[in-house]
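With the numbering used here applied, the sequence shown covers 163 to 436. Here is the structure we will look at.
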Amino acid sequence: MTPDPFERYQHNLHLSPISTPTLEALAGRCGLGRGSAVLDAACGKGGACLVLARRFGCQVAGVEARPEFAEEARRLALFADLAHLVDVVEVPPDDLPFDEGYFDLILHLGPSRPFGALEAARRLRPLARPGGRLILGCLVWKAGARAGAGEPLRAWLEGAAGAGLQEAEELRRAFEAEGLAVEAAETEPDASWEAFYAPQARVILENRRAPGLSPGAKDVLDRWQEELELFHGGGGREALAYSAFLLRLPDQDETPEGRIRYTGGRTSIWRETP
Numbered sequence: 163m164t165p166d167p168f169e170r171y172q173h174n175l176h177l178s179p180i181s182t183p184t185l186e187a188l189a190g191r192c193g194l195g196r197g198s199a200v201l202d203a204a205c206g207k208g209g210a211c212l213v214l215a216r217r218f219g220c221q222v223a224g225v226e227a228r229p230e231f232a233e234e235a236r237r238l239a240l241f242a243d244l245a246h247l248v249d250v251v252e253v254p255p256d257d258l259p260f261d262e263g264y265f266d267l268i269l270h271l272g273p274s275r276p277f278g279a280l281e282a283a284r285r286l287r288p289l290a291r292p293g294g295r296l297i298l299g300c301l302v303w304k305a306g307a308r309a310g311a312g313e314p315l316r317a318w319l320e321g322a323a324g325a326g327l328q329e330a331e332e333l334r335r336a337f338e339a340e341g342l343a344v345e346a347a348e349t350e351p352d353a354s355w356e357a358f359y360a361p362q363a364r365v366i367l368e369n370r371r372a373p374g375l376s377p378g379a380k381d382v383l384d385r386w387q388e389e390l391e392l393f394h395g396g397g398g399r400e401a402l403a404y405s406a407f408l409l410r411l412p413d414q415d416e417t418p419e420g421r422i423r424y425t426g427g428r429t430s431i432w433r434e435t436p
């Protein structure tokens with residue numbers, strides 16, 4: 163049987179190199195409490211949902227398109243006695259079923275490969291209330307490292323649509339140009355990458371030792387291992403970082419046509435459908 167992404171991350175709580183202390187530090191600046199509404203727009207196994215619900219007692223809606231990850235997120239919330247605070251819905255990321263102007267905080271923690279954080283901010287900001295916040299996590303170049311990156315690393319990044327990969331400072335300016343105030347930014351230390359990749363290395367090793375490894379399964383494991391090797395020995399550790407940005411929306415956020423997206427007062431988390 164060919165390994166799938168769910169198996170790759172079976173020992174990971176978060177599907178990115180984000181750490182729980184970073185999440186708590188950034189979310190701790192948002193004034194979250196029992197009356198707060200939070201959205202994790204790509205929740206994976208629900209790791210961030212559990213962290214925020216447990217730490218701040220807020221209601222968290224998690225969105226996940228892959229059924230096996232969504233089911234695991236629900237299971238983990240139940241086992242953590244947080245199912246009353248965490249609601250996971252299985253929908254495509256481009257069809258979020260929520261009212262505009264509802265959430266106090268929206269998260270989108272991108273993976274360990276290039277991710278369009280600026281595009282995600284544009285797509286998600288209508289769902290946040292005026293003055294609300296976004297936390298966006300993404301892969302970035304370390305300052306000054308882009309020019310010295312080796313060809314294998316560059317080829318891997320370009321194959322993962324990484325031609326537009328930016329440094330954290332470049333991305334900060336891009337967020338500010340969109341009218342999003344950058345209140346804080348955290349870059350994960352190397353230890354967070356080790357904690358992220360070590361469980362995946364274990365999965366790769368276990369699968370390689372399994373009898374009757376098919377050519378298709380070997381190809382999948384080779385691709386996974388390539389990413390780990392590029393980070394550890396191919397220049398990734400020296401050139402790449404994972405940064406999370408806390409962004410604040412204007413108090414009165416208008417569409418390009420000048421219409422106010424939100425006029426005050428929460429109604430329902432769910433978007434009304436005809």
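Note that the Cβ used here is the ideal one computed from N, Cα and C, for glycine as well.
Might you give, ordered along the chain, the residues of its own chain that have their beta carbon closer than 8 Å to the beta carbon of Asp-352, omitting 5 neighbours on each side? As a working mapping, residue 352 is identified with position 190 in the sequence shown. Same-chain partners within the cutoff: Arg-399.
Which partner residues of Arg-410 appear in the DSSP bridge assignment? In the sequence shown, the residue the question calls residue 410 occupies position 248. Note: Arg-410 is bridge-paired with Arg-295 and Ala-343 in the DSSP secondary-structure output.
Cutting at 7 Å between CB atoms, please list the residues of its own chain near Phe-168, excluding the five before and the five after it. Counted from its first residue, the sequence shown places residue 168 at position 6. Around Phe-168, the same chain offers Glu-230 and Phe-231 as residues with beta carbons nearer than 7 Å, after the five sequence neighbours per side are excluded.
Can you tell me whether Cys-465 is helix, strand or coil according to DSSP? No answer is possible for residue 465: the residues shown for the chain start at 163 and end at 436.
Mapping the DSSP letters down to three states, classify Ala-290 as helix, strand or coil. Walking along the sequence shown from the start, residue 290 turns up at place 128. Ala-290 carries a strand assignment under DSSP once its states are collapsed to helix, strand and coil.
At the level of alpha carbons, what is the spacing between Ala-403 and Lys-304? Counting from 1 along the sequence shown, the entry for residue 403 is found at position 241. Counting from 1 along the sequence shown, the entry for residue 304 is found at position 142. So the two alpha carbons sit approximately 6 Å from each other.
Please determine, among Arg-285, Leu-244 and His-270, the residue with the shortest C-alpha to C-alpha distance to Glu-262. Here the question's residue 262 lines up with position 100 in the sequence shown. Residue Arg-285 is the option with its Cα nearest to Glu-262.
Beta strand (DSSP E) segment containing Ile-268, residue limits: Reading the sequence shown from its first residue, position 106 is the one you call residue 268. Where Ile-268 is concerned, the enclosing beta strand (DSSP E) stretches over 265-271.
Give every residue of the same chain whose Cβ lies closer than 6 Å to the Cβ of Lys-207, excluding the five residues on either side of it in the sequence, and list them in chain order. Counted from its first residue, the sequence shown places residue 207 at position 45. Excluding its 5 nearest sequence neighbours in each direction, Lys-207 has C-beta neighbours in its own chain below 6 Å: Phe-231, Glu-234 and Ala-235, listed in chain order.
Is Cys-205 close to chain C? Criterion is C-beta to C-beta, closer than 7 Å. Considering every chain present, this structure includes no chain C. It has just one protein chain.
Based on DSSP bridge pairs, tell me the residues matched to Ser-405. Looking up residue 405 in the sequence shown gives position 243. Under DSSP, Ser-405 shares a beta bridge with Cys-300 and Thr-349.
Run the proximity test for Phe-231: is its beta-carbon closer than 6 Å to any non-hydrogen atom belonging to the ligand FAD? Absence of the ligand FAD from the depicted structure is noted, as is the absence of any ligand whatsoever, leaving it without description.
Using 10 angstroms around the beta-carbon of Asp-166, count the other beta-carbons present and answer buried if the total reaches 16, otherwise exposed. Within the sequence shown, numbered from 1, the residue matching residue 166 stands at position 4. Asp-166 is exposed by the Cβ-count criterion.
Contacts around Ala-363, its chain only, beta-carbon distance under 7 Å, and the 5 residues preceding and following it disregarded: Looking up residue 363 in the sequence shown gives position 201. Closer than 7 Å at Cβ, skipping near neighbours: Leu-390.
With a 10 Å radius around its C-beta and 16 neighbouring C-beta atoms as the bar for buried, classify Ser-181 as buried or exposed. Within the sequence shown, the letter at position 19 stands for residue 181. By the neighbour-count rule (16 or more Cβ atoms within 10 Å), Ser-181 is buried.
So for Ala-223, helix, strand or coil by DSSP? By 1-based counting over the sequence shown, the position of residue 223 is 61. Looking at Ala-223 - three-state DSSP - the assignment turns out to be strand.
Helix, strand or coil at Thr-182 [DSSP, three-state]: Working through the sequence shown from its first residue, we reach residue 182 at position 20. DSSP places Thr-182 in the helix class (H, G or I) of the three-state scheme.
Could you tell me which residues DSSP pairs with Leu-201 in its beta bridges? Residue mapping note: residue 201 aligns to position 39 of the sequence shown, counting from 1. Bridge partners of Leu-201: Ala-223 and Ile-268.
Taking C-alpha atoms, which residue in Arg-410, Val-213 and Tyr-264 lies nearest to Glu-340? For this step, residue 340 is matched to residue 178 along the sequence shown. Minimum Cα distance to Glu-340 is reached at Arg-410.
With a cut-off of 8 Å on the beta carbons, I'd call Val-200 and Leu-267 a contact; round off their distance for me. The residue given as residue 200 occupies position 38 in the sequence shown. The residue given as residue 267 occupies position 105 in the sequence shown. Rounded, the Cβ-Cβ distance is 5 Å, consistent with contact.
Determine which residues share a DSSP beta bridge with Asp-249 and list them. Indexing the sequence shown from 1 puts residue 249 at position 87. DSSP output for Asp-249 lists Ala-223 as bridge partner(s).
Contact between the segment 269-288 and the segment 363-380: three or more CB pairs below 8 Å? No: the two stretches stay apart, fewer than three of their Cβ pairs being nearer than 8 Å.
Would you decide whether His-176 is buried or exposed? Buried here means 16 or more other CB atoms lie within 10 Å of its CB. Numbered from 1 along the sequence shown, position 14 holds the residue referred to as residue 176. Buried: at least 16 other Cβ atoms inside 10 Å.
State the Cα-Cα distance for the pair Arg-316 and Gly-310, rounded to the nearest angstrom. In the sequence shown, counting from the first residue as 1, residue 316 sits at position 154. In the sequence shown, counting from the first residue as 1, residue 310 sits at position 148. Roughly 10 Å between the two C-alpha positions.
First and last residue of the alpha helix (DSSP H) that includes Leu-175? If you number the sequence shown from 1, residue 175 lands on position 13. Unbroken run through Leu-175: none, as it is neither H nor E.
Considering only the alpha carbon of each residue, which of Leu-258, Arg-385 and Asp-381 lies closest to Ser-322? To locate residue 322, count along the sequence shown from 1; it is residue 160. With the sequence shown as reference, residue 322 is identified as Ala, and Ser is not the correct amino acid for it. Ranking Leu-258, Arg-385 and Asp-381 by Cα distance to Ala-322 puts Arg-385 first.
Own chain partners of Val-248 with C-beta closer than 6 Å, once the 5 adjacent residues on each side are dropped: Mapped onto the sequence shown, residue 248 falls at position 86. Excluding its 5 nearest sequence neighbours in each direction, Val-248 has C-beta neighbours in its own chain below 6 Å: Cys-211, Ala-215, Val-222 and Ala-239, listed in chain order.
Coarse secondary structure for Glu-391, derived from DSSP in three states: As a position in the sequence shown, residue 391 is number 229, starting the count at 1. Glu-391 falls in the helix class under three-state DSSP.
Assign Gln-328 to one of two classes, buried (16 or more other C-beta atoms within 10 Å of its C-beta) or exposed (fewer than that). For the purposes of this step, residue 328 is taken as the residue at position 166 of the sequence shown. Gln-328 is buried by the Cβ-count criterion.
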